[in-house]
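Asker:
Numbering (the numbering used here), first residue to last: 2 to 266.
Quick look at the structure:
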């Protein structure tokens with residue numbers, strides 16, 4: 002009779018990924034009566050690429066289930082000029098230079114999920130479903146010359162102050178093509194409808210958020226405990242904040258590719 006598998010017998014896998022993508026969308030930040038200018042990433046801010054570093058770890062907890070945790074950090078950099086005043090977070094930016102300087106430390110996210118095996122293919126492939134949550138900490142920063150008559154002097158918007166965990170559900174396929182090569186695909190969707198953020202700023206702050214992701218890729222086992230990964234992805238992050246004082250919106254779509262390596266121990 003086979004001995005039962007103990008919790009300590011299940012291995013951990015650690016992975017690191019580097020990504021580059023093309024972002025589209027816009028950001029708009031109002032402060033009190035000063036309406037915000039809708040700034041498009043491509044034509045207004047000239048943010049043409051978005052880089053990200055992702056760390057992930059996962060481990061089986063039974064023969065049919067796993068836990069996954071992750072961390073990622075991104076940057077949005079752009080250099081543009083404007084011929085008209087721009088209004089951002091109650092600040093008037095004079096015509097001239099308009100830079101986006103949202104660094105890696107300004108755009109951070111954490112996620113955790115539970116995976117459960119839903120279906121086994123005849124060749125050893127597997128279909129999983131998952132449920133979890135993600136938490137995004139965004140501080141969107143721009144830079145420019147503040148107009149002399151500007152009512153405000155703040156060129157950053159801390160979206161993270163109102164952030165709440167967003168529930169996420171997903172489907173995941175791992176399908177072996179050869180003994181070493183595996184096809185992978187992942188789809189996840191998360192939504193937080195309009196809710197009270199549990200913070201106040203001139204009254205109740207309402208929050209809504211959406212997080213979507215789809216990836217297609219391949220994993221290649223090049224050593225006993227090592228795998229390399231190459232994948233393409235589409236992601237969407239949308240957040241709305243609304244209160245008597247604030248009206249902040251970001252819509253960020255990114256399409257790109259990632260390369261990573263994982264180690265099982």
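Note that the Cβ used here is the ideal one computed from N, Cα and C, for glycine as well.
Starting from residue 111, follow its DSSP beta bridges and name the residues at the other end.
Answerer: Note: residue 111 sits in a beta bridge opposite 72 and 136.
Asker: Starting from residue 168, follow its DSSP beta bridges and name the residues at the other end.
Answerer: DSSP, once it has assigned bridges, lists 134 as partnering residue 168.
Asker: Buried or exposed for residue 21, please, with buried defined as at least 16 other CB atoms from any protein chain shown within 10 angstroms of its CB.
Answerer: Residue 21 should be labelled exposed.
Asker: Check the Cβ-Cβ distances between residue 138 and every residue of chain B, and say whether any is below 9 Å.
Answerer: Protein chains in the displayed structure number just one, and chain B is not present.
Asker: Along the chain, where does the beta strand (DSSP E) that runs through residue 191 open and close?
Answerer: Looking at the DSSP string, the run of the beta strand (DSSP E) that includes residue 191 is 182-201.
Asker: Would you report the Cα separation of residue 249 and residue 257, rounded to the nearest angstrom?
Answerer: C-alpha separation (whole angstroms): 26 Å.
Asker: Nearest-angstrom Cα distance between residue 87 and residue 100?
Answerer: Their Cα atoms are separated by approximately 12 Å.
Asker: With a floor of 3 residues, list each beta strand (DSSP E) that falls wholly inside the region 81-110, ordered by position along the chain.
Answerer: Runs found: 87-89 and 92-103.
Asker: Comparing alpha-carbon positions, which option in 78, 32 and 19 lies nearest residue 45?
Answerer: Cα-wise, what sits closest to residue 45 is 78.
Asker: Have a look at residue 197 and residue 191 and give me their C-alpha separation to the nearest angstrom.
Answerer: So the alpha carbons of these two residues sit roughly 17 Å apart.
Asker: Kindly give me the distance between the Cβ atoms of residue 11 and residue 55, rounded to whole angstroms, as I take these residues to be in contact under 8 Å.
Answerer: Their Cβ separation, rounded to whole angstroms, is 23 Å, which puts residue 11 and residue 55 out of contact at 8 Å.
Asker: Quick one: is residue 201 buried, meaning 16 or more other Cβ sit within 10 Å of its Cβ, or exposed?
Answerer: Counting Cβ neighbours within 10 Å, residue 201 comes out exposed, since fewer than 16 surround it.
Asker: From which residue to which residue does the beta strand (DSSP E) around residue 241 run?
Answerer: Per DSSP, residue 241 belongs to the beta strand (DSSP E) from 227-243.
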